[in-house]
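My numbering puts the sequence shown at residues 1216 to 1371.
Even glycine gets a Cβ: it sits at the ideal position worked out from N, Cα and C.
Single-structure report; data block below.
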Amino acid sequence: MIRVLSFFTILGLLSVFSSGICCPIPRLSDVTAYPGTKEPKTLTLHETGIGKNEAEAITDASLNAFEQLLFRGIPDSDQPEALIGTNENEIRSKNSDYFNQFYKQRFGTFILSTQPTIPLQKLPKGKKRIEVDITINLNALKKDLEENNIIRKFGF
């Protein structure tokens, strides 16, 4: 009887811990697409960013938006599937030069606008949080990925 009770106790504890009740799962990204984006070749996303100051928080939000767009897709948008693919580690290692340059310098060239929607908010440990609407030139991003052989052109 005690062994059966212990088994069910352990089973119950495992189900509580595995369900995430005890420990919050970290947020990967909070991207939301706006339906009916103004231009057919652009995508406007609502994203949250965290940083030491406003510029760093906006950069963080932009990078989160690109991560979601490239490797996960944006549900309920014109780009519901990942633009590149879902095997992020393999894709990044295969094209490391491209992604190093992209994230350090080039991602900003595909951003048409960033509009803060909720002002900068103070967080613990000197961090700040902001929410922004980011409009990405999807057509130019796709062409750049094709020209750098990250994705294949449609029909080839």
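Helix, strand or coil: which one does DSSP assign to residue i?
i, result
"Ser1244", "Only weak support is given to the placement of Ser1244: the predicted model assigns it a pLDDT of 49, under 50, and the value that follows is read from those uncertain coordinates. Ser1244: coil per DSSP, three-state reduction."
"Lys1343", "strand"
"Leu1356", "helix"
"Lys1368", "coil"
Express the C-alpha separation of residue j and residue i in angstroms, rounding to a whole number.
i, j, result
"Arg1307", "Asn1315", "9 angstroms"
"Glu1305", "Gly1288", "17 angstroms"
"Pro1331", "Glu1346", "6 angstroms"
"Thr1414", "Ala1270", "This structure gives no information on residue 1414, because the portion of the chain shown stretches from 1216 to 1371."
"Ser1277", "Leu1327", "11 angstroms"
"Thr1274", "Leu1356", "17 angstroms"
"Gly1353", "Thr1257", "Rather than Gly, the amino acid found at residue 1353 in this sequence is Leu. The straight-line gap from Cα to Cα measures roughly 5 angstroms."
"Lys1309", "Pro1290", "26 angstroms"
"Phe1322", "Glu1296", "19 angstroms"
"Leu1338", "Arg1344", "7 angstroms"
"Leu1285", "Ile1333", "25 angstroms"
"Asn1363", "Leu1298", "14 angstroms"
Hey, out of the options, whose CA is closest to residue i's CA?
i, options, result
"Arg1367", "Glu1282, Gly1300 and Gln1283", "Gly1300"
"Tyr1313", "Gly1264, Thr1259, Thr1257 and Glu1361", "Glu1361"
"Lys1340", "Asn1268, Leu1278, Glu1303 and Ser1277", "Asn1268"
"Glu1260", "Ala1272, Ser1292, Phe1286 and Thr1274", "In the sequence as displayed, the identity of residue 1260 is Leu instead of Glu. The option with the nearest alpha carbon to Leu1260 is Ser1292."
"Phe1215", "Ile1365, Gly1264 and Thr1257", "Residue 1215 falls outside the range modelled here, since the chain spans only 1216 to 1371, and no answer is possible."
"Leu1335", "Ile1349, Asn1352, Leu1353 and Thr1263", "Thr1263"
"Thr1350", "Leu1298, Lys1343, Phe1281 and Asn1363", "Phe1281"
"Lys1358", "Lys1309, Phe1325, Glu1303 and Gln1320", "Phe1325"
From the DSSP output, read off the bridge partner residues of residue i.
i, result
"Asp1348", "His1261 and Gln1330"
"Gln1336", "Arg1344"
Whole alpha helix (DSSP H) elements within the segment 1250-1315, 4-residue minimum: 1269-1286 and 1303-1309
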